[in-house]
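Structure first, commentary second.
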Amino acid sequence: MNTTATGEKIGFVGLGLMGHGIAKNIVDKGYSLTFLGRKNRKPAEDLLGRGAREASTSRDVAAASDIVFICVTGSREVEAIIRGPDGIKEGLKKGAVVVDCSTSDPVSTVALAAELKALGVDYVDAPLSRTPKEAWEGTLDAMVGAPDAVFARVKPVIDTWAGRIVHIGDTGDGHRMKLLNNFISLGYAALYSEALALAEKVGISPPRFDSVIRNGRMDCGFYQTFMRWTLEGDRDAHKFTIANAFKDLTYLESMAGAAGIANPLGNATKNAFAGAHATGPAEQFVPMLATHIAKVNGIDLMPTKDGKKQTI
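Numbering (the working numbering), first residue to last: 483 to 794.
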């Protein structure tokens with residue numbers, strides 16, 4: 483246990499793929515943690531075994547906490563957790579802080595911040611980058627939107643689960659930057675997918691394609707995790723769902739519209755994911771976009787693993 487942890491009591495709502503690892507690191511590094519359990523009992527049982535306490539409602543989590551972290555899908559879910567029956571808003575004390583680690587719509591973020599400010603509660607957006615593997619290891623990236631004094635207060639807690647923290651600006655700027663970050667990464671995914679389909683169509687297999695891109699100027703960490711599905715059939719290489727990717731790109735489209743800027747590449751990327759989202763199962767991840775784009779063009783890029791054809 484890390485004896486440098488402050489006396490802040492931490493609450494946590496959202497023990498999903500990312501949230502479980504984040505919450506684990508908070509409690510392992512010395513903070514008192516109260517969490518809201520889920521139907522999937524494995525994360526709850528793990529945290530209970532580490533000394534955390536379980537609450538039955540979001541309101542109870544807030545009532546027991548000085549700083550409450552939320553890590554869910556997006557703004558609709560965050561708003562329900564804060565404003566809904568037995569929501570966080572009903573249990574918050576004056577002087578508390580709510581930290582939204584979801585990828586949310588900045589318009590919603592700013593509105594929630596104003597709503598909670600009237601109660602004497604600060605609101606921070608701290609969306610994440612990287613994967614559940616880094617969440618478990620405590621080496622995520624975080625881009626934080628908060629006034630300076632509030633950032634200084636929450637940073638020691640974020641340090642427990644993030645290897646890189648960037649204070650982007652005021653509340654809302656973290657979510658704005660996250661949408662830009664995801665626009666770039668998901669744009670890469672769309673480019674790789676179309677390039678792989680075209681390569682296969684003209685007789686260049688994924689391994690031959692990879693032999694040129696890997697270790698060249700076009701290589702990057704995202705490329706390497708993305709390609710593990712096509713080359714190796716690794717479903718867990720990048721466990722970020724196509725549904726969430728599509729949601730984030732609709733938020734980007736909204737942000738671009740509000741800013742009055744043309745966003746043709748963002749729209750093209752969104753449309754690439756829209757088709758995969760509409761036709762595929764719920765549990766499919768971003769690297770599988772390559773399989774979908776190929777299928778639309780009559781090409782079979784479904785990978786094999788251990789000699790067996792994979793399925794999405």
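Glycine included, each C-beta is placed from N, C-alpha and C at the ideal position.
Scanning its chain for C-beta atoms nearer than 7 Å, with the 5 sequence neighbours on each side dropped, one finds around residue 748 the residues 665, 731, 734, 735 and 738, in chain order. Residues 727, 730, 731, 751, 755 and 768 of the same chain have their beta carbon placed closer than 8 Å to that of residue 668, with the five preceding and five following residues left out of the count. For residue 791, the three-state secondary structure derived from DSSP is strand. When beta bridges are read from the DSSP output, residue 644 appears opposite 622. Spatial neighbours of residue 577 in its own chain (CB-CB distance under 8 Å, excluding positions within 5 residues in sequence) are listed in chain order as 548, 602 and 603. Looking at 789, 765 and 761, the one whose alpha-carbon comes closest to that of residue 777 is 761.
If one requires a minimum length of 4 residues, the alpha helix (DSSP H) runs lying completely within the region 575-614 are 588-599, in chain order. Under DSSP, residue 536 takes part in a beta bridge, and its partners are 517.
When C-alpha distances from residue 543 are compared across 530, 495 and 763, the shortest belongs to 495. Residue burial annotation: residue 785 is buried, with at least 16 other C-beta atoms found within 10 angstroms of its C-beta.
Beta-bridge partners of residue 649 (DSSP): 626. The beta carbons of residue 774 and residue 764 sit about 14 Å from each other, so the pair does not count as a contact at 8 Å. For residue 506, the enclosing alpha helix (DSSP H) covers residues 501-510. Listed in chain order, the non-local C-beta contacts of residue 723 below 8 Å within the same chain comprise 764, 765, 766, 767 and 768, local neighbours out to five positions each way being set aside. DSSP, reduced to helix, strand and coil, places residue 721 outside both helices and strands of the structure shown, so it counts as coil. A straight line joining the alpha-carbon of residue 620 with that of residue 646 spans about 10 Å. One alpha carbon belongs to residue 743, the other to residue 719, and they sit about 34 Å apart.
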